[in-house]
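Read through the structure below, which is laid out as C-alpha cells, and then see the notes.
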C-alpha cells in the first residue's frame with residue numbers, strides 16, 4: 473500500500489497544502505484562504521478540514537498517510553509549542569497535539585522560515601549541504617538554520633531569526649520588533665526601499681531613481697544592473713549589512729552554504745557578489761570559502777520542508 | 473568488568489589527561505609538558521604514550537577502555553579532521569585515525585573550546601541545558617555551541633568561534649586573526665587591558681588605574697568593584713561588545729543558557745550584570761530571558777568534555 477504525507481504551510485493570507493509521496497515528490501498542491509475572523513480562531517480547524525477533503529478526493533485511507541508537517545508564522549519549539557503567530561491572534565498552544573487530535577494523524581510542526589530552510593536543504597539549492605542557512609529577503613528578513621539535516625529550532629523556537637541581528641549601532645528608527653538597527657531594516661525589500669529614499673534625500677546624483685514615485689527593491693536592483701551609481705551604492709549598503717550578519721552566523725555555525733531566498737533574491741548574481749564582497753573580509757580564514765546560492769523552490773520551499781518533517 | 477575512558481586535552485604547553493569511570497567521575501588527572509620541538513611533531517605520540525603509561529599503572533586491560541576523547545587547539549570537524557593546530561605546526565591529518573592506530577583504542581576528537589563547552593554542559597554550569605553556549609574569556613575569546621547535547625563543530629570545525637565575530641566597524645588595529653574589530657579585541661583579558669590603556673591615554677579621571685604600570689583585566693575588574701569610574705567604563709565597554717555578540721548568537725541558535733568561562737570570568741557578578749545590560753536590548757523579545765552563568769569546571773572543562781565524547 474503506497475504511503476503519503478501532507479505539507480501544510482499556514483500563512484496570514486493563505487493555507488498552502490501539498491500532497492507528497494514517500495520519496496518527497498509533490499503530487500498535488502492547493503491554496504486555501506486563511507479565515508482571519510476572530511484572530512484566526514478557525515485556522516487550525518480549516519487546515520484540518522482541507523487535509524481531510526484532499527485525502528478523501530484522492531481516495532486515500534488514513535492509514536496511508538504517514539503524517540502532516542505544518543509550518544507556522546511564529547516561534548515553534550521542537551516539541552510543537554507555539555508561543556504566538558504573526559498576523560493572527562493565536563498562541564500559547566501545542567500545534568502538534570491540537571492538529572493531531574483534529575486529524576487523527578501524526579503531526580510535526582516548525583516555524584515557517586525554518587521549514588523553508590529544511591525544504592531548500594532537502595529538495596532545493598541546499599541539497600547536499602547537511603549544514604546550511606537559508607536567508608529569505610522578503611517584506612522582512614527571515615532565516616532558518618539546518619544542522620546535520622535538522623532544523624535548529626532553539627529553546628523557545630526563535631532559532632534562525634537572522635533578520636533581527638543587530639548590524640547598525642547608529643540607527644534611530646525602530647524595527648518592527650522594537651529594537652534598533654536590525655538586519656531587516658536594511659536587507660528586506662522594505663528596508664532596501666527605505667535606504668533608497670534616504671539616499672535620494674541626501675543626493676540624487678542624476679540617478680535613474682530620482683524621478684520615481686514608488687521606489688521598491690526591484691527597481692533599485694534593476695537600475696544597479698544598468699550601472700546606475702546611486703542604485704549600486706544602495707545595493708552595496710544593503711549587502712554590506714547582509715555580509716556582516718552572515719559572517720557572524722558563520723562564526724557561530726560554520727555552515728557549508730548560505731542559500732538566499734525571498735522576492736529580493738530574484739536579483740540574482742549582483743546580490744550574491746555584493747554579499748560575498750562584504751562577507752569575506754569579515755570572517756576568519758577558515759570560514760571564507762562558503763557557497764552562496766539563490767534558492768530554487770520559491771514559495772513551495774515551506775511545504776517541501778513540512779513534508780520533510782515527516783519523511784526524515 | 474568495570475569500564476573507563478580517557479579525556480585528553482592537548483594544549484600548546486601541557487597535555488592534560490583525565491581517567492573517568494563510566495558515569496563520568498574523574499578518578500585521576502595528570503599533566504605532562506607538551507614537547508614543542510620540531511613543530512610539535514611528537515605531540516600525538518607523547519599523548520599516546522602517556523595514556524598507555526596511566527593505563528598500565530592502573531592495571532587496566534585495553535578492553536576496559538571505552539575510548540579516548542581528545543581536545544585540540546584548532547579546528548576539528550566532526551569526522552576528526554584537523555586543519556591546523558594553534559601554536560603547533562601540525563595540521564592536515566585525521567586525529568581520530570592517527571591516535572586510534574597509536575593506542576589501539578577508539579578515539580573521538582573536538583576543538584578545545586568546543587569540548588570545554590561540552591564539559592560544562594555535562595558536568596558544570598550548563599547542566600540541564602541541552603542547548604547552551606560557552607564563552608571563554610582568557611588570553612583570547614573562545615566559544616563552543618552545544619545543540620541538543622552535541623557540539624556544533626561545523627563543516628570545517630570552526631563552529632563556535634565567537635571571539636571573531638565583528639563587533640566594532642571602526643577598529644584600526646588588526647586582531648590576531650587578521651580581521652578588524654573582533655570581539656576578542658575587547659573582551660579577552662588582553663583586550664580589556666588594551667581598552668584600559670586606551671582609556672587612560674584619553675583621560676585618567678583620577679582613576680586608581682592611572683598610576684599602575686602593568687594593567688591587566690583583573691585589576692580593571694577589581695577597581696570597578698571598588699567603584700572606580702574609569703574602570704567601570706572599561707568593564708562596561710568590554711561587556712557591551714560581549715552583550716551584542718551574544719545577542720547575535722542568540723538570534724541564530726536560541727540557546728537556553730550562556731556560560732562564561734576563562735580567567736576573566738572570575739570577576740563574577742559584575743561581569744554577568746554588565747553583559748546582560750547590553751544583551752537584553754539587542755535581542756528579540758522571545759530571546760531576552762536567558763540564563764547567564766559563570767562556568768564551574770575551570771581548566772578541567774576540556775577533559776570532562778573529552779570524556780563526554782566517548783560516554784554519550
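Residue numbers (the numbering used here), protein chains in the order written: chain B, 473 to 784; chain R, 473 to 784.
Glycine is no exception: its CB is placed at the ideal position from the N, C-alpha and C atoms.
For residue i, which of helix, strand or coil comes out of DSSP?
{"i": "residue 548 of chain R", "result": "strand"}
{"i": "residue 601 of chain B", "result": "coil"}
{"i": "residue 566 of chain R", "result": "strand"}
{"i": "residue 715 of chain R", "result": "helix"}
{"i": "residue 687 of chain R", "result": "coil"}
{"i": "residue 639 of chain R", "result": "coil"}
{"i": "residue 608 of chain B", "result": "strand"}
{"i": "residue 765 of chain B", "result": "strand"}
{"i": "residue 771 of chain B", "result": "helix"}
{"i": "residue 655 of chain B", "result": "coil"}
{"i": "residue 542 of chain R", "result": "strand"}
{"i": "residue 527 of chain R", "result": "helix"}
{"i": "residue 583 of chain R", "result": "strand"}
{"i": "residue 778 of chain R", "result": "helix"}
{"i": "residue 480 of chain R", "result": "strand"}
{"i": "residue 501 of chain B", "result": "strand"}
{"i": "residue 488 of chain B", "result": "strand"}
{"i": "residue 414 of chain B", "result": "Any answer about residue 414 of chain B is impossible in this case: the structure gives chain B only from 473 up to 784."}
{"i": "residue 496 of chain R", "result": "coil"}
{"i": "residue 731 of chain B", "result": "strand"}
{"i": "residue 622 of chain R", "result": "strand"}
Would you call residue i buried or exposed, if buried means 16 or more other Cβ atoms sit within 10 Å of its Cβ?
{"i": "residue 785 of chain R", "result": "The requested residue 785 of chain R does not occur in the structure, where chain R is confined to residues 473 to 784."}
{"i": "residue 745 of chain R", "result": "exposed"}
{"i": "residue 741 of chain B", "result": "exposed"}
{"i": "residue 656 of chain R", "result": "buried"}
{"i": "residue 723 of chain B", "result": "buried"}
{"i": "residue 584 of chain B", "result": "buried"}
{"i": "residue 698 of chain R", "result": "exposed"}
{"i": "residue 525 of chain R", "result": "exposed"}
{"i": "residue 859 of chain R", "result": "Outside the modelled stretch of chain R, which goes from 473 to 784, sits residue 859 of chain R, for which no answer is possible."}
{"i": "residue 671 of chain R", "result": "buried"}
{"i": "residue 627 of chain B", "result": "buried"}
{"i": "residue 650 of chain R", "result": "exposed"}
{"i": "residue 497 of chain R", "result": "exposed"}
Give every residue of the same chain whose Cβ lies closer than 8 Å to the Cβ of residue i, excluding the five residues on either side of it in the sequence, and list them in chain order.
{"i": "residue 641 of chain R", "result": "653"}
{"i": "residue 528 of chain R", "result": "none"}
{"i": "residue 748 of chain R", "result": "715 and 764"}
{"i": "residue 605 of chain B", "result": "589, 615, 616, 617, 618, 632, 634, 718, 721, 725, 727, 729, 730 and 731"}
{"i": "residue 701 of chain B", "result": "677 and 679"}
I'd like the list of long-range same chain contacts for residue i, defined as Cβ closer than 6 Å, with 5 residues on each side in sequence excluded.
{"i": "residue 494 of chain B", "result": "475"}
{"i": "residue 558 of chain B", "result": "545 and 546"}
{"i": "residue 556 of chain R", "result": "546 and 563"}
{"i": "residue 621 of chain R", "result": "602"}
{"i": "residue 734 of chain B", "result": "608, 609 and 610"}
Quick one, are the C-beta atoms of residue i and residue j less than 8 Å apart?
{"i": "residue 523 of chain B", "j": "residue 540 of chain B", "result": "yes"}
{"i": "residue 508 of chain R", "j": "residue 562 of chain R", "result": "no"}
{"i": "residue 607 of chain R", "j": "residue 693 of chain R", "result": "no"}
{"i": "residue 773 of chain R", "j": "residue 479 of chain R", "result": "no"}
{"i": "residue 713 of chain B", "j": "residue 639 of chain B", "result": "yes"}
{"i": "residue 783 of chain B", "j": "residue 582 of chain B", "result": "no"}
{"i": "residue 679 of chain B", "j": "residue 696 of chain B", "result": "no"}
{"i": "residue 775 of chain B", "j": "residue 488 of chain B", "result": "yes"}
{"i": "residue 769 of chain R", "j": "residue 543 of chain R", "result": "no"}
{"i": "residue 658 of chain R", "j": "residue 710 of chain R", "result": "yes"}
{"i": "residue 629 of chain B", "j": "residue 549 of chain B", "result": "yes"}
{"i": "residue 689 of chain B", "j": "residue 664 of chain B", "result": "yes"}
{"i": "residue 637 of chain B", "j": "residue 667 of chain B", "result": "no"}
Spatial neighbours of residue i within its chain, please: C-beta separation below 7 Å, excluding the five flanking residues on both sides.
{"i": "residue 669 of chain B", "result": "687"}
{"i": "residue 569 of chain B", "result": "552"}
{"i": "residue 576 of chain B", "result": "534"}
{"i": "residue 520 of chain R", "result": "571, 574 and 575"}
{"i": "residue 760 of chain B", "result": "752"}
{"i": "residue 821 of chain R", "result": "Any property of residue 821 of chain R remains undetermined from this structure, which presents chain R solely from 473 to 784."}
Starting from the beta carbon of residue i, find every residue of chain D whose beta carbon is closer than 7 Å, and list them in chain order.
{"i": "residue 564 of chain R", "result": "Although the question refers to chain D, the structure presented lacks it and instead comprises the protein chains B and R."}
* What are the residues of the region 712–732 of chain R that lie near chain B, defined by any Cβ-Cβ distance shorter than 7 Å? -> 716, 719, 720, 721, 723, 724, 725, 726, 727 and 728
With 9 Å as the limit, tell me which residues of the region 750–763 of chain R have their beta carbon closer than that to any beta carbon of chain B; keep them in chain order. 753, 754, 755, 756, 757, 758, 759, 761 and 762
Residues from the region 614–630 of chain B in contact with chain R, defined by Cβ distance under 9 Å: 615, 617, 619, 620, 622, 624, 625, 626, 627, 628, 629 and 630
Output needed in chain order: residues of the region 598–609 of chain R with a Cβ under 7 Å from some Cβ in chain B.
603
- Task: Return the residues of the region 653–682 of chain B that lie within a Cβ-Cβ distance of less than 8 Å from chain R, sorted by chain order.
- Result: So nothing in the stretch comes that close.
Any C-beta of chain R within less than 8 Å: which residues of the region 542–563 of chain B qualify? If you check each beta-carbon in the region 542–563 of chain B against every beta-carbon of chain R, the ones closer than 8 Å belong to 547 and 555.
Task: Contact set between the region 698–712 of chain R and chain B, restricted to residues whose Cβ is under 9 Å from the partner - done: none
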